[in-house]
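Enquirer: Residue numbers (my numbering): 18 to 379.
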Amino acid sequence: MNGKRLLCLLLALAVLTALLAVPAGAADMAFVAINDTIPLTLTGNDLPFYSGGTLYVPYTVFSQSSLGFYPSYIPGDSTLTLFSRSQRLVYNLNTGMVTDEDHSSQYLPTVIRGGTVFLPAVFSATHFGVGVSVLTSQAGYTVVRFTTGAQVYDDSLFIEKAENLIAYLADQQTADETPEETTPTTPPETVTPTPDPQPEEPEQTPAEILLAVVDASTMAGALDTLAQESLPAAFFLTADELAANGDLVRRIAAAGHTIGITVAPGEDAAEGLALANEALDRVLGRKTLLALVPESSSPESVTAQYSVFVRPDRRLTATEAAEAYGETRLLISDGEQLAAGLPILQEAGVTFSRLQETTVLP
Numbered sequence: 018m019n020g021k022r023l024l025c026l027l028l029a030l031a032v033l034t035a036l037l038a039v040p041a042g043a044a045d046m047a048f049v050a051i052n053d054t055i056p057l058t059l060t061g062n063d064l065p066f067y068s069g070g071t072l073y074v075p076y077t078v079f080s081q082s083s084l085g086f087y088p089s090y091i092p093g094d095s096t097l098t099l100f101s102r103s104q105r106l107v108y109n110l111n112t113g114m115v116t117d118e119d120h121s122s123q124y125l126p127t128v129i130r131g132g133t134v135f136l137p138a139v140f141s142a143t144h145f146g147v148g149v150s151v152l153t154s155q156a157g158y159t160v161v162r163f164t165t166g167a168q169v170y171d172d173s174l175f176i177e178k179a180e181n182l183i184a185y186l187a188d189q190q191t192a193d194e195t196p197e198e199t200t201p202t203t204p205p206e207t208v209t210p211t212p213d214p215q216p217e218e219p220e221q222t223p224a225e226i227l228l229a230v231v232d233a234s235t236m237a238g239a240l241d242t243l244a245q246e247s248l249p250a251a252f253f254l255t256a257d258e259l260a261a262n263g264d265l266v267r268r269i270a271a272a273g274h275t276i277g278i279t280v281a282p283g284e285d286a287a288e289g290l291a292l293a294n295e296a297l298d299r300v301l302g303r304k305t306l307l308a309l310v311p312e313s314s315s316p317e318s319v320t321a322q323y324s325v326f327v328r329p330d331r332r333l334t335a336t337e338a339a340e341a342y343g344e345t346r347l348l349i350s351d352g353e354q355l356a357a358g359l360p361i362l363q364e365a366g367v368t369f370s371r372l373q374e375t376t377v378l379p
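Below is the structure:
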């Protein structure tokens, strides 16, 4: 009888093991859901994990615009910021402290894995009114779901309806990671070329240029110039310029350009940027972390609160920017200088990129 009981127990254990079996890839893949969609597949160094009972996710998860708040992080910097129109969390990567918009601080360290910064998921999201739940699909995949109140399904119904999509995404990811089989070929015969007595010099890589426009009195002309060439730029205005040029600011925003804040030479950087952000909020109903600070205004005093770019006392010329082969350069100019410098840059074949809060300059 004891032998029969033991055999039954072993059979039951085998069935249970088969039922609980998880695909080999399930531990190497996870998904991020926003309300009723699954926009992100996480693999490798981006996989979420628990530390001390706290769920950590890569900060890039919060780049999804539908969440209503955004990350700002410059690799190598000591802080990472999550921000919305009225709220903010500033994580100090060195001290482990996090500070909110009311200047209240607590110890809640970030984690860096494989060069990626991970943030505490629940604390980060709920600060901005976003719910977090951790679900598991039938195949054993982890799904971190963020909800903003716009979701249709509750968690149990959502994971049920998402099973087919999860299976499809998992198959696609597996297919992308599987190397294609190639048919070996016989290497061609090596032919020694006749050396060129005068070899051509290697072609130089054109510079990458980030355009920044200052001086509100010339910005209307700059807008026209950029529209003609279909080029992006960042426009930086002081508090006084924002207050006096509401229509111009709205026109810049409508054209799809980036809007940042700046201060006048000699003006206190922290006070001037705070006033400029308030003025921007009154005009467009939002604030920004993108700031251009004169070299003489102690820009280091505001680097913890803003994504700061320095306006040097001596500006880079269009010719110097065009000759910065293989490098990235910030070109600061007013509307008239922009119109004069663009032909020089275009003739040199430079690449124009958009200056943003997350832009990293060498």
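Beta carbons: idealized from backbone N, C-alpha and C, even for Gly.
What do you get for F66, buried or exposed, if any count of 16 or more other CB atoms within 10 angstroms of its CB means buried?
Expert: exposed
Enquirer: So A250 and V160 are in contact, right, with Cβ under 8 Å, and what is the actual spacing, rounded?
Expert: Rounded, the Cβ-Cβ distance is 40 Å, inconsistent with contact.
Enquirer: Report the option in T71, T77, N52 whose CA atom is closest to the CA atom of D63.
Expert: T77
Enquirer: Within a Cβ cutoff of 6 Å, which residues of the same chain sit near S150, ignoring the five residues on either side of it in sequence?
Expert: R162, D172
Enquirer: Name the two residues that bound the continuous alpha helix (DSSP H) containing S173.
Expert: 172 to 178
Enquirer: Could you give the DSSP three-state label for L254: helix, strand or coil?
Expert: strand
Enquirer: Following the continuous alpha helix (DSSP H) through R299, name the residue where it begins and the one where it ends.
Expert: 286 to 301
Enquirer: Using 10 angstroms around the beta-carbon of E284, count the other beta-carbons present and answer buried if the total reaches 16, otherwise exposed.
Expert: buried
Enquirer: My output table needs one value for T127: the three-state DSSP class, helix, strand or coil.
Expert: coil
Enquirer: What is the residue span of the alpha helix (DSSP H) that L84 lies within?
Expert: Counting along the chain, L84 falls outside any alpha helix (DSSP H), and DSSP gives it neither H nor E.
Enquirer: Hey, quick one: how far does the beta strand (DSSP E) through P311 stretch, first residue to last?
Expert: 307 to 311
Enquirer: Taking 7 Å as the cut-off, decide whether the C-beta atoms of A256 and A296 are in contact.
Expert: yes
Enquirer: Could you name the residues that DSSP lists as bridge partners for R267?
Expert: Answer is none; R267 lacks a bridge partner.
Enquirer: In the DSSP output, which residue or residues are listed as bridge partners for A47?
Expert: L59, T159
Enquirer: The alpha helix (DSSP H) that contains G277, what's its start and end?
Expert: Element bounds for G277: not the alpha helix (DSSP H) but the beta strand (DSSP E), 275 to 279.
Enquirer: DSSP puts P75 in a beta bridge; with which residues?
Expert: Paired residues: F135.
Enquirer: Using a Cβ-Cβ cut-off of 6 Å (strictly less than) and excluding sequence neighbours within five positions of R303, which residues of its own chain qualify?
Expert: Taken in chain order, the residues that qualify are R102.
Enquirer: Take F369 and list the residues in its own chain whose beta-carbon comes closer than 6 Å to its own, dropping the five residues that flank it on each side.
Expert: I226, L248
Enquirer: Inspect the beta-carbon positions of L152 and I176 and report whether they are closer than 7 Å.
Expert: yes
Enquirer: According to DSSP, which residues form a beta bridge with T164?
Expert: Bridge partners of T164 according to DSSP: G148.
Enquirer: Just to confirm before moving on: does the CB-CB distance between A286 and S324 stay below 7 Å?
Expert: Cβ distance not < 7 Å, so A286 and S324 don't count as in contact.
Enquirer: For P205, does the three-state DSSP call read helix, strand or coil?
Expert: Its pLDDT being 46, under 50, P205 is placed unreliably in this model, and the value from its coordinates should be taken loosely. Three-state result, P205: coil.
Enquirer: Nearest to A239 by CA position, among Q322, Q354, T60, P92, is which residue?
Expert: Residue Q354 is the option with its Cα nearest to A239.
Enquirer: Could you tell me the alpha carbon to alpha carbon distance between R130 and T96, rounded to whole angstroms?
Expert: R130 and T96: Cα-Cα distance of roughly 16 Å.
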